[in-house]
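Accompanying notes for the structure given below.
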Amino acid sequence: MNKKNSRKILLLPGDGIGPEVVREVKKILEWFNKNKSLDFSFEEELIGGASIDVNKIPITDEVFYKSLESDAVILGACGGPKWDNLEFSKKPERALLKLRKELKLFANLRPAICFSQLVDSSTLKPEIVSGLDIMIVRELTGGIYFGEPRGIEPIENNQRRGINTHSYTTSEIHRIAKVAFDLAKKRKNKVTSCEKSNVMEAGVLWREEVQVLKDKEYKNVELHHMLADNCAMQLLRNPKQFDVILADNLFGDMLSDEAAMLTGSLGLLPSASLGAKDKNGKIRSLYEPVHGSAPDIAGKNLANPIATILSLSMALRYSLNLDKEADQLDAAVQKVLDEGLRTKDIISKGKKEVTTTDMGDAIISKLK
Ligand code: NAD
Numbered sequence: 000m001n002k003k004n005s006r007k008i009l010l011l012p013g014d015g016i017g018p019e020v021v022r023e024v025k026k027i028l029e030w031f032n033k034n035k036s037l038d039f040s041f042e043e044e045l046i047g048g049a050s051i052d053v054n055k056i057p058i059t060d061e062v063f064y065k066s067l068e069s070d071a072v073i074l075g076a077c078g079g080p081k082w083d084n085l086e087f088s089k090k091p092e093r094a095l096l097k098l099r100k101e102l103k104l105f106a107n108l109r110p111a112i113c114f115s116q117l118v119d120s121s122t123l124k125p126e127i128v129s130g131l132d133i134m135i136v137r138e139l140t141g142g143i144y145f146g147e148p149r150g151i152e153p154i155e156n157n158q159r160r161g162i163n164t165h166s167y168t169t170s171e172i173h174r175i176a177k178v179a180f181d182l183a184k185k186r187k188n189k190v191t192s193c194e195k196s197n198v199m200e201a202g203v204l205w206r207e208e209v210q211v212l213k214d215k216e217y218k219n220v221e222l223h224h225m226l227a228d229n230c231a232m233q234l235l236r237n238p239k240q241f242d243v244i245l246a247d248n249l250f251g252d253m254l255s256d257e258a259a260m261l262t263g264s265l266g267l268l269p270s271a272s273l274g275a276k277d278k279n280g281k282i283r284s285l286y287e288p289v290h291g292s293a294p295d296i297a298g299k300n301l302a303n304p305i306a307t308i309l310s311l312s313m314a315l316r317y318s319l320n321l322d323k324e325a326d327q328l329d330a331a332v333q334k335v336l337d338e339g340l341r342t343k344d345i346i347s348k349g350k351k352e353v354t355t356t357d358m359g360d361a362i363i364s365k366l367k
């Protein structure tokens, strides 16, 4: 067999349901290797609580360097009650923060897609969400979560003051806006940029600089500016007006969670975090489901693997240049949902309940 596409993928299953859902991704990679003349070499390493139990730290240097050398990293989830009492700097979730920071993952991409088959899982009316397909692009390494000065300080009269600083520079804004415009070009060609330019100077700069970039480099992309609070409202009122939503770290955090919930279940939501291109033109990236380690169902073969499988599909599309295979995988997920197979989290009357393993197998059978 002519193996023309050799790609290195690092699998980090992590904790709770992480190993169960990543196992299904591994099966799909094996299928692609066997049936599509692709050559994924994948390794599996410990992260989070699983790493703490063996190595006493949430991520070892060895695993960290492997992540730097990989074409894509796919993570399950980190954390769980077993490690809840550790001090903040030693918790499993620190591994994730380290990866995001050191890989300089400044762009978080979260699609909010409402599968027509699951339209009843949303709390909104079917006609509002059916066919919904939004991409939220959130800036991930700047803004108020990282700005200095920050802290809690004593003030007069036994009072205290909490301080955080919201700041963005021109290049930070252009860098993330570029990701949004480039994505829009492959979709419906429309970006809605959100800020609070009515009350924040950093919001005024955000609005102006996004416009500057559009006028200079993306003349043919439709750009709308919207106040972030209005965007939150519009997401509930008429979400299908959006294609790509661009927002800073804080507003993006809120808007992406809100948009995610329009679609119904946590078990269906993938995400990608992308960094800058390195000197060889490779984009650093981390792909993971939006959900956590779900300790309540861990080890029971009940978890929905679709969010992690769709994270693999994003990796195929954005890091591995395999759009055709990504389309094929997305279509396989659709077909399985069409046939009425559901894991417990999305089960409804008249549908067939299946396990994590069954869901993975069914998706693979539709790839064939
Ligand atoms: P969670 O996402 O793990 O679970 C919330 C609820 O959704 C639970 O009832 C769970 O059973 C359900 N659920 C989640 N994913 C599912 C799936 N694939 N299939 C079916 N049901 C699913 O959030 P939580 O309970 O707040 O957090 C649990 C642990 O996960 C905590 O330790 C938290 O810190 C960690 N966490 C990790 C990440 C990450 O690794 N990126 C993200 C969020 C939370």
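For the sequence shown, numbering that gives the first Met the number 0 assigns the number 0 to the initial residue and increments by one for each residue that follows. All residues carry an ideal CB built from backbone N, CA and C; glycine is no exception. It should be emphasised that the depicted structure is a prediction, and the values quoted were computed from it without experimental measurement.
- Here the alpha carbon of arginine 174 sits roughly 12 Å from the alpha carbon of valine 136.
- Going by C-alpha positions, aspartate 38 is about 27 Å away from valine 289.
- In this structure, the C-beta of glycine 349 stays at least 6 Å away from each heavy atom of the ligand NAD.
- Taking 7 Å as the cut-off, the Cβ atoms of leucine 182 and methionine 134 count as close.
- Here the segment 159–169 does not lie against the segment 292–300, with fewer than 3 beta-carbon pairs under 8 Å apart.
- One alpha carbon belongs to phenylalanine 87, the other to arginine 93, and they sit about 8 Å apart.
- Annotation for valine 289: no beta strand (DSSP E) segment contains it, and DSSP assigns it neither H nor E.
- One Cα belongs to glycine 349, the other to leucine 10, and the distance between them is close to 35 Å.
- Separation of lysine 184 and glutamate 216 (C-alpha to C-alpha, rounded to the nearest whole angstrom) is 12 Å.
- Judged by DSSP in its simplified three-state form, glycine 150 adopts strand.
- In this structure, DSSP gives glycine 13 an extended state, which the three-state scheme calls strand.
- When beta bridges are read from the DSSP output, glutamate 221 appears opposite Lys189.
- Spanning the alpha carbons of arginine 206 and glycine 146 requires a straight line of approximately 19 Å.
- Setting aside the 5 residues that flank it on each side, histidine 223 is surrounded in the same chain by Thr191, each with a C-beta closer than 6 Å to its C-beta; the list follows chain order.
- The beta carbon of tryptophan 30 lies closer than 7 Å to those of Ile363 and Leu366 in the same chain, with the five residues before and after it left out.
- Two segments are said to touch when three or more pairs of C-beta atoms, one from each, lie closer than 8 Å; by this definition the segment 301–317 does not touch the segment 50–68.
- Here DSSP, grouped into helix, strand and coil, assigns serine 270 to strand.
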